[in-house]
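**Q** Provided herewith is a single structure, encoded as structure tokens, for subsequent inquiry.
In the numbering used here, the protein residues as written are 619 to 712.
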């Protein structure tokens, strides 16, 4: 797994965002938190919309107890406070 992750990091991707996202996912799964957050914070500076659909993915479970998780969510524009501010009160059929 470490060799494959190193290959992924060294690859020449056309889309750097995809490469950083894949490295972050693999690093998170492997519990390589420093590498995961390094890539996540770089991604947060380039395209915040990319993460809004992915913040609750279980792939990030190894990162959630790290203090950088909330820092990253804030930097990416997907903080818990932002989600809490959304009013959602649907009327359900009986």
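Even for Gly, the Cβ is constructed at its ideal location relative to N, Cα and C.
When DSSP labels each residue in this structure, what does residue 672 get in the three-state scheme?
**A** The residue given as residue 672 occupies position 54 in the chain shown. Secondary structure at residue 672: coil, using DSSP grouped into helix, strand and coil.
**Q** Is the separation between the beta-carbon of residue 645 and that of residue 623 shorter than 8 Å?
**A** Against the chain shown, residue 645 aligns to sequence position 27. Against the chain shown, residue 623 aligns to sequence position 5. With contacts defined as CB atoms closer than 8 Å, residue 645 and residue 623 qualify as a contacting pair.
**Q** Is the beta carbon of residue 638 sitting closer than 8 Å to the one on residue 681?
**A** Walking along the chain shown from the start, residue 638 turns up at place 20. Walking along the chain shown from the start, residue 681 turns up at place 63. Their beta carbons are not under 8 Å apart, which means residue 638 does not touch residue 681 by this criterion.
**Q** Would DSSP call residue 708 helix, strand or coil?
**A** Within the chain shown, residue 708 is the residue found at index 90, counting from 1. Coil, per DSSP.
**Q** DSSP state of residue 632, grouped into three classes?
**A** Counted from its first residue, the chain shown places residue 632 at position 14. The answer is coil: DSSP assigns residue 632 none of H, G, I, E or B.
**Q** To the nearest angstrom, how far is it from the Cα of residue 661 to the Cα of residue 711?
**A** Along the chain shown, one-based indexing puts residue 661 at 43. Along the chain shown, one-based indexing puts residue 711 at 93. Cα to Cα, residue 661 sits roughly 41 Å from residue 711.
**Q** Could you tell me how far apart the beta carbons of residue 657 and residue 677 are, in whole angstroms, since I believe they sit closer than 8 Å?
**A** By one-based count along the chain shown, residue 657 stands at place 39. By one-based count along the chain shown, residue 677 stands at place 59. At roughly 13 Å, the Cβ-Cβ gap does not stay under 8 Å, so residue 657 and residue 677 are not in contact.
**Q** Output yes or no for whether 8 Å exceeds the beta carbon distance between residue 696 and residue 673.
**A** Counting from 1 along the chain shown, the entry for residue 696 is found at position 78. Counting from 1 along the chain shown, the entry for residue 673 is found at position 55. Yes. Within cutoff.
**Q** Report all residues from its chain with a CB closer than 6 Å to the CB of residue 643; omit the five preceding and five following residues, and keep chain order.
**A** As a first step, residue 643 must be located in the chain shown, where it is residue number 25. Within the same chain, residue 643 has close Cβ partners 677.
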